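Below you'll find the structure, written out as structure tokens, and then a few comments.
Residue numbers (this note's numbering): 85 to 245.
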């Protein structure tokens with residue numbers, strides 16, 4: 085966020101004056117939400133695969149459901165190579181799902197408009213997506229590189245879907 089000039093040193097958003105730059109920031113914030121949710125679920129999956137509680141919000145004290153315990157027992161039998169294959173497949177699938185979601189907004193649901201409330205009411209709403217803007221699927225790759233704690237750090241996942 086700071087690298088893009090969207091946040092000051094105190095952690096407050098800094099909205100640009102220019103309308104086009106405000107739209108870019110709004111789209112970036114939208115991308116951060118999508119990517120951080122993908123990271124969240126993949127980190128939880130990593131914890132299950134490895135039998136750890138390394139995700140920032142994971143807890144060893146969480147009560148496991150019977151199906152989770154059974155899955156954990158099965159995952160514990162996997163070799164290191166098998167775990168990595170599952171991890172790679174999960175990342176590939178989640179990245180593909182994010183891409184497909186963006187395609188759906190761009191093409192299939194092209195009549196939809198997504199906007200967020202403007203923090204300073206100039207204008208009241210800042211448009212993230214509309215029928216006139218159909219490039220979310222192009223931006224998702226950049227969002228992964230810029231905002232993901234998983235995809236942005238691993239060159240294996242920097243290639244386009």
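We put the beta carbon where it would ideally sit given N, CA and C, even for glycine.
The model shown is predicted, which means the values in this text are computed figures rather than measured ones.
- Contact between residue 228 and residue 186 is absent: CB atoms are separated by about 11 Å, not below the 8 Å threshold.
- If the five residues before and after residue 141 are omitted, its C-beta is found closer than 7 Å to no C-beta atom of its own chain.
- Residue 162 and residue 172 have their C-alpha atoms roughly 14 Å apart.
- The C-alpha of residue 109 is placed about 7 Å away from the C-alpha of residue 90.
- Straight across, the Cα-Cα distance linking residue 123 with residue 103 is about 30 Å.
- Annotation for residue 104: no beta strand (DSSP E) segment contains it, though the alpha helix (DSSP H) segment containing it runs 103–134.
- Only residues of its own chain outside the window of five on either side were considered, and among them none has a CB closer than 6 Å to the CB of residue 150.
- With a 10 Å radius around the Cβ and a threshold of 16 neighbouring Cβ atoms, residue 190 comes out buried.
- When secondary structure is reduced to three states using DSSP, residue 210 falls in the strand class.
- Assigned with DSSP and collapsed to three states, residue 184 falls in helix.
- Non-local C-beta neighbours of residue 214 in its own chain, meaning closer than 6 Å and more than five positions away in sequence, comprise 197, ordered along the chain.
- Boundaries of the beta strand (DSSP E) harbouring residue 198: 198–201, taken from the DSSP string.
- For the options 210, 98, 111, 224, the alpha carbon positioned closest to that of residue 178 is the one of 224.
- Linking residue 100 to residue 206 through their CA atoms gives a straight-line distance of about 11 Å.
- Excluding the 5 residues flanking it on each side, residue 209 has same chain C-beta neighbours closer than 8 Å at 199, 200, 201, 202, in chain order.
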